[in-house]
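Here the protein sequences line up with chains A and B, keeping their order. Using my numbering, read the first sequence as starting at 49 and increasing by one per residue. Using my numbering, read the second sequence as starting at 49 and increasing by one per residue.
Number of protein chains: 2
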Amino acid sequence: MQMKFFAHIERLNWELGYCSAKEQYPDKFIPAIVPGAVQLDIAREANYPDFNYADNYRLFRWMEDIYYTYRARFNLPVLKNNERLWFISKGIDYQFEIFINHELIHEQEGMYVPVELDLTSYLQEVNWIEVKVMPVPKRHSFPEDKTQASHVTKPPVSYGWDWHPRLIPLGVWDDTYLEIRSESYVNEVNVGYNLSDDFSVANIHVHAEAIVKNESDYCWELKDADGNIVLVEKGRMQPILDIEIALNTPKLWWPHDHGVPYLYSSCFYMFGNGGGVVQSIENKIGFRKVQLVMNEGAWDEPEAFPKTRSVPPIQIELNGRKIFAKGTNWVNPEIFPGIITRDRYKELLDMAVATNFNIVRTWGGAVVNKASFFELCDEMGIMVWQEFPLSCNQYPDDTEYLALLEFEARAIIKRVRQHPSLVLWCGGNELFNSWSKMTDQSLALRLLNALCFELDRNTPFIPTSPIFGIAHGNYVFRWKGQEVFDMMNKSHHTAYVETGMPGISPLETLERIIPLNQLFPPEPGTAWEDHHAFRAWDANDETWLCRDIITEYMEPAETIEELIVQSQLLQSEGYKAVYETARRQKPYCSMVLNWCFNEPWPTAANNSLIAYPSVPKPALAAVREACRPLCVSAVIHKFVWFEREQFTTDLWFLNDTVEQLSGLSVIVSLHAADEEIRISEWQVPEVKPNQHVAGPTITFKLPLWHVPLFKLILEVRENAAFNAAYTLMYRAHKN
Amino acid sequence: MQMKFFAHIERLNWELGYCSAKEQYPDKFIPAIVPGAVQLDIAREANYPDFNYADNYRLFRWMEDIYYTYRARFNLPVLKNNERLWFISKGIDYQFEIFINHELIHEQEGMYVPVELDLTSYLQEVNWIEVKVMPVPKRHSFPEDKTQASHVTKPPVSYGWDWHPRLIPLGVWDDTYLEIRSESYVNEVNVGYNLSDDFSVANIHVHAEAIVKNESDYCWELKDADGNIVLVEKGRMQPILDIEIALNTPKLWWPHDHGVPYLYSSCFYMFGNGGGVVQSIENKIGFRKVQLVMNEGAWDEPEAFPKTRSVPPIQIELNGRKIFAKGTNWVNPEIFPGIITRDRYKELLDMAVATNFNIVRTWGGAVVNKASFFELCDEMGIMVWQEFPLSCNQYPDDTEYLALLEFEARAIIKRVRQHPSLVLWCGGNELFNSWSKMTDQSLALRLLNALCFELDRNTPFIPTSPIFGIAHGNYVFRWKGQEVFDMMNKSHHTAYVETGMPGISPLETLERIIPLNQLFPPEPGTAWEDHHAFRAWDANDETWLCRDIITEYMEPAETIEELIVQSQLLQSEGYKAVYETARRQKPYCSMVLNWCFNEPWPTAANNSLIAYPSVPKPALAAVREACRPLCVSAVIHKFVWFEREQFTTDLWFLNDTVEQLSGLSVIVSLHAADEEIRISEWQVPEVKPNQHVAGPTITFKLPLWHVPLFKLILEVRENAAFNAAYTLMYRAHKN
């Protein structure tokens with residue numbers, strides 16, 4: 049996020065050693081890659097097999113309970129004019145000590161608080177820096193699952209989840225280097241602003257904190273996207289500096305589907321005695337006002353006494369415009385966050401934009417993403433719902449945990465708050481649910497609310513998801529006899545933020561993870577189960593392959609290829625129904641996010657739209673269609689239709705844009721095998737900005753076909769880009 | 049709350065003057081009583097008629113927009129050994145400036161932040177202290193109602209409510225005096241503690257802040273209720289002093305119906321150079337742990353997907369025991385808070401204890417009570433739900449209001465937090481309702497949550513009342529055809545915290561406020577309307593006399609006495625049903641509070657149980673019966689029963705105590721005129737601690753009686769204190 053001008057010495061040659069007791073020193077060191085993970089270094093050195101294959105991840109289990117020592121040797125650099133040498137790490141996972149020349153100079157618990165240590169006074173001609181990493185923190189008396197992480201800020205997902213093996217990273221996970229700083233230096237620049245009600249003025253406040261040992265000057269510039277300087281402020285540097293300055297007619301930041309995600313640059317320069325720049329700090333600034341406002345109609349609920357309040361607000365209003373949020377849940381894209389690169393984020397975020405998503409919920413079970421993630425979201429116009437690293441656990445009220453959480457949360461908020469893509473803070477995932485048993489009274493959540501209020505009050509905060517009015521689930525095509533179509537059509541929620549639909553992974557993925565002799569038919573107790581096709585979710589041994597649901601609709605597959613087609617059809621049509629139904633419930637409903645977008649390792653079956661690392665499932669294209677800002681849509685009442693049955697659907701035209709359209713007409717037809725039956729044509733009334741149009745109900749008695757599937761096709765005469773198509777099942781009566 | 053040892057000079061002779069512009073100085077002064085209100089001084093001097101009578105309160109309206117000057121003359125007191133003279137006021141309502149010898153030394157907006165000013169350097173032989181009070185703060189563009197107070201911390205109730213005339217106090221409202229302080233003095237002593245999980249140890253932290261100009265020693269003592277010193281800590285005084293000390297086997301504070309409200313005394317002494325005590329600060333400490341835990345059964349709701357959280361917790365757990373909270377809403381006992389005395393609080397709180405109430409909700413529309421209120425609740429074992437002074441308005445997110453609210457809220461929290469009676473902080477009244485339109489995102493409520501977390505995190509906080517799961521309303525005996533019996537029997541709430549039942553005031557009250565020629569029959573447009581008998585509540589011109597409801601059941605009254613009997617019967621039986629039904633819904637339901645206990649002036653009809661000042665309505669006795677910790681109870685299904693109809697009821701035995709009872713039997717009988725029909729006898733199974741027993745359903749075909757009323761009587765053979773009786777209406781069929 050912030051580029052400092054100082055010289056970095058990044059080419060430290062790190063080594064890693066380990067031993068079984070804290071007081072021991074490793075007798076052997078192996079090459080280490082930083083950032084990375086201790087597990088990856090050991091596996092590389094010892095030629096471990098790919099942990100993605102079969103149950104190889106189990107080989108890593110012993111590494112949880114070991115003490116690790118990173119070390120690097122470096123020569124005394126040339127330090128001139130009172131320069132000093134600093135050790136900087138943006139993240140070390142999780143509890144660690146730092147030594148310089150074998151002297152302990154820092155101890156820390158927490159992977160999000162950056163480390164900045166002045167090494168100068170300890171330096172010799174040849175120096176050793178060492179980072180000692182403690183074993184995985186665990187509540188040892190708890191079951192071997194996420195609850196072992198219920199007292200720490202480490203992502204609980206790595207302790208095992210229904211789509212994540214138990215494989216718990218440790219080690220240096222973010223940029224780490226030596227830095228030569230001048231004696232005086234700027235520690236922090238934070239650019240805040242308030243937009244006037246009509247968005248015509250941004251009242252900017254620049255807050256800088258610095259160590260000032262000698263008199264020096266500063267200059268702060270705001271540049272537009274073309275590099276033109278639009279504001280300048282200069283003066284004498286102070287330890288604490290506050291600048292108030294107004295920008296007239298700021299260009300606003302918008303999500304990509306509503307405008308341009310316009311970014312300015314804030315450039316803060318500190319000058320030395322000689323007048324030269326000794327430090328520059330640059331970061332992007334986007335001007336937007338974000339609020340959560342009550343969903344339309346929600347104030348009217350409940351109508352009757354006894355009066356209680358309505359559901360809390362979840363409608364995003366950005367720059368005064370109500371935005372229908374279409375997006376997805378983002379999970380850690382790698383098991384080991386240390387190896388996530390900007391390019392890795394970018395390939396996934398490019399796919400999100402291409403899928404017409406304007407928001408991602410970065411789920412609280414996983415790691416808080418690195419700076420480049422937020423930079424990309426800023427640039428690409430993707431809104432971010434950011435959760436703190438709490439999920440599905442009962443995090444305690446005790447003083448020790450609260451102190452740790454505050455330490456880490458302050459660092460997270462200060463790092464993320466300046467990104468215009470940030471639209472929502474959330475305390476964590478499913479903390480108010482019966483399996484976590486936290487409540488509004490839980491001190492951890494009151495603390496997070498208070499910290500967000502203190503440091504970033506203009507960004508909304510919710511304690512957890514779901515809160516009342518918002519749905520998580522369901523996660524399958526059919527549950528207790530109810531199909532996703534019926535479930536969604538009958539639901540009444542302000543937001544659907546975790547609706548899942550499992551699909552098998554593509555063949556190329558399956559072949560990478562499942563031994564050939566286990567590939568077909570899939571069975572529990574094999575690599576299929578290690579990769580979450582069976583017994584992944586409690587109380588249902590068919591998740592996530594869901595053979596039971598597939599065979600309710602289709603003949604048992606005879607090949608793996610056939611099974612893939614069957615599973616992916618249900619996933620595609622199911623997800624389409626989720627997105628389109630939620631959209632049709634606008635404006636009471638204001639958001640739809642599926643569970644989930646990506647996955648950190650190759651699963652055999654999962655609710656993800658993309659198989660690891662970036663292989664789209666067919667459902668991704670289906671969702672892309674369902675999320676087009678402008679398109680026609682049909683209500684699907686059920687999946688299976690019969691000969692002579694009255695087929696029925698209701699037509700809609702969906703508009704999430706500020707455009708106004710008129711003169712559209714929609715041809716409705718059914719297609720089975722080669723046959724096409726035109727059953728209706730709808731003259732669409734005027735489509736108003738940001739409003740959908742509900743159209744007629746269409747009914748048609750189905751003929752006798754000799755096919756298992758048919759399609760409902762909606763063609764918009766004037767613009768084929770608005771067309772829609774649905775695949776449904778057909779059965780001729782046996783008697 | 050805190051007694052300081054310093055000499056007070058309380059006998060200042062205050063005078064009051066007023067004028068119409070800020071820059072003017074009054075040309076005339078009248079005697080003033082401090083604390084009090086400017087209106088009372090003017091009315092006393094000018095012989096205004098009683099504002100309680102008819103519509104005399106209207107005569108006070110002009111006083112809203114005037115500038116007031118309090119002044120007092122005093123001679124230079126003898127100041128020895130670096131002593132200094134301070135001006136202290138615990139509360140000035142609302143915006144004011146303070147002058148000493150005509151020099152402006154202080155400006156303030158806010159009635160809760162105490163004023164402490166060192167006058168010493170301004171003193172002459174003869175001195176004038178002046179307090180200039182600004183006009184009533186109003187949003188002048190808003191309607192002339194509570195919304196005019198939606199940007200201030202002044203109680204909105206005084207701008208007009210459905211039981212409160214528009215009459216807006218101004219002036220010095222709490223203790224105000226000159227104080228001679230030593231140069232060194234203690235500003236604040238706060239005694240916090242954490243109880244161990246088994247309540248066997250109180251880990252106490254004493255935090256003191258002082259101005260220390262010379263070396264001096266302190267001594268802190270904790271004394272038990274008998275005055276025995278149980279802990280002592282001594283040392284050298286510091287500007288900031290923190291003492292950590294443990295008390296073993298602390299006696300716990302309990303509400304009066306669960307144990308002894310045991311109080312210790314914290315005594316902090318500062319010694320002068322000569323070793324003598326120069327200041328002592330004493331306050332009471334009670335040890336209790338209070339939490340809001342989930343109501344029993346609430347985690348199971350909702351059972352189905354889509355999963356959302358259950359209702360938030362409102363079950364009070366005190367010292368590990370779930371307490372069923374029975375109580376009432378407390379409103380300002382006087383229109384002018386300046387005249388409220390400890391005795392005034394005590395007479396009302398004595399009535400609350402006698403009514404078997406263990407909690408009062410001090411409603412956010414009214415003033416935050418003075419110290420003596422909380423001291424009495426501590427001593428008497430009454431739990432306090434304390435609201436911040438926000439009610440039924442949309443308080444803004446703007447910086448100015450938030451700064452004011454923080455200023456005042458910090459003072460409120462610091463003053464109240466040390467009271468063991470405090471069990472719940474609440475942001476204010478009905479802020480999430482459609483008429484106020486605040487939400488979880490409102491910055492004022494996030495601020496209050498953050499401040500309570502910072503200053504008093506061990507006391508629960510809710511943003512407003514109601515929150516989801518909790519009921520406010522209904523407020524009448526019959527609403528849209530549904531009686532209170534049916535409404536309560538069918539309700540499913542975790543708490544009923546504002547259920548009302550209107551009743552006419554006793555004759556002595558009516559005769560005091562209504563001109564004789566208007567007394568009967570009551571009519572709109574008369575003093576009855578000024579005193580809220582008609583058109584008090586929007587959209588219903590019969591509130592609160594509710595003639596329409598009374599005449600649904602009874603022949604029109606022919607005298608005022610008859611009307612009083614009719615109205616008070618409905619109030620008594622209605623309230624009894626509210627309390628008993630809510631109690632029978634334990635443990636899912638954990639609280640029942642009626643709207644409301646008292647009233648600040650004599651209304652003609654109101655939901656209050658007590659007419660101003662302290663005249664009980666018959667409903668008070670009915671509620672006392674309904675709230676007995678141990679009693680028998682009958683489900684009332686409806687109010688009117690007919691000849692030959694199957695009368696039906698269900699029996700319960702209620703137990704909110706830790707006692708266990710067995711061998712009880714209940715005789716059930718109906719009484720009409722002189723006739724008594726014994727219809728059943730119930731052998732009550734064992735009554736377990738803190739649990740109710742559901743008994744049998746009783747049915748009985750009603751005979752022909754020639755009476756309009758009959759009684760259902762439940763007699764407990766073994767203990768008449770557990771008996772219950774219900775009055776119901778009877779109608780013989782006409783044909």
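Even glycine gets a Cβ: it sits at the ideal position worked out from N, Cα and C. Note that the coordinates shown come from a computational prediction; the quantities given were computed from them, not determined experimentally.
Going straight from the alpha carbon of residue i to that of residue j, what length do you get?
i: Asp113(B); j: Val184(B); result: 6 angstroms
i: Arg692(A); j: Arg779(A); result: 10 angstroms
i: Gly275(B); j: Glu559(B); result: 49 angstroms
i: Ser484(B); j: Tyr544(B); result: 20 angstroms
i: Glu717(A); j: Leu752(A); result: Sequence inspection shows Ser at residue 717(A); the Glu mentioned does not correspond to that position. Straight-line Cα distance between these residues: approximately 16 angstroms.
i: Gly322(B); j: Trp62(B); result: 37 angstroms
i: Met51(A); j: Thr201(A); result: A caution first: Met51(A) carries a pLDDT of 48, below 50, which makes its placement in the model too unreliable to give a value.
i: Lys374(A); j: Val640(A); result: 5 angstroms
i: Cys500(B); j: Arg458(B); result: 8 angstroms
i: Asn406(B); j: Asp305(B); result: 7 angstroms
i: Arg463(B); j: Asn331(B); result: 11 angstroms
CB residue i to CB residue j, shorter than 8 angstroms?
i: Glu157(A); j: Leu424(A); result: no
i: Val234(A); j: Ala197(A); result: no
i: Ala273(A); j: Leu311(A); result: yes
i: Trp527(A); j: Gly429(A); result: no
i: Val714(B); j: Val735(B); result: no
i: Cys594(A); j: Asn404(A); result: no
i: Leu757(B); j: Tyr774(B); result: no
i: Thr651(B); j: Trp211(B); result: yes
At a CB-CB cut-off below 7 angstroms, which residues of chain B make contact with residue i?
i: Leu8(A); result: The structure shown has nothing for residue 8(A), since chain A only spans 49 to 783.
i: Thr487(A); result: Met342, Pro360, Pro361
i: Pro508(A); result: Gln489
i: Arg458(A); result: Within chain B, no residue comes near Arg458(A); the closest Cβ sits about 14 angstroms away, beyond 7 angstroms.
Along chain A, which residues have their Cβ under 8 angstroms away from the Cβ of residue i?
i: Glu502(B); result: Ala498
i: Gln339(B); result: Gln489
Please report the residue range of the beta strand (DSSP E) in which residue i lies.
i: Val401(A); result: That residue, Val401(A), is in no beta strand (DSSP E); its alpha helix (DSSP H) goes 390 to 402.
i: Trp576(B); result: Run containing Trp576(B): none in the beta strand (DSSP E); it sits in the alpha helix (DSSP H), 575 to 578.
i: Leu760(B); result: 757 to 764
i: Arg121(B); result: 115 to 123
i: Lys485(A); result: Per DSSP, Lys485(A) belongs to no beta strand (DSSP E) and is neither H nor E.
In the DSSP assignment, find the alpha helix (DSSP H) that holds residue i and state where it starts and stops.
i: Thr599(A); result: 595 to 601
i: Ile136(A); result: Counting along the chain, Ile136(A) falls outside any alpha helix (DSSP H), though it belongs to the beta strand (DSSP E) covering 132 to 137.
i: Glu448(A); result: 447 to 464
Can you name, in chain order, every residue of its own chain whose Cβ lies under 8 angstroms from the Cβ of residue i, other than the five neighbours on each side?
i: Arg59(A); result: none
Beta-carbon within less than 6 angstroms of residue i's beta-carbon, same chain only, minus the 5 sequence neighbours each way: which residues are those?
i: Ile746(B); result: Thr697, Val716, Ser728
Excluding sequence positions up to five away, which residues of its chain have a Cβ less than 7 angstroms from the Cβ of residue i?
i: Pro572(A); result: Phe582, Arg583, Asp589
i: Glu281(B); result: Trp268, Ile291, Ile293
So residue i contacts chain B; which residues on that side make the cut at Cβ distance below 8 angstroms?
i: Trp347(A); result: Ser482, Lys485
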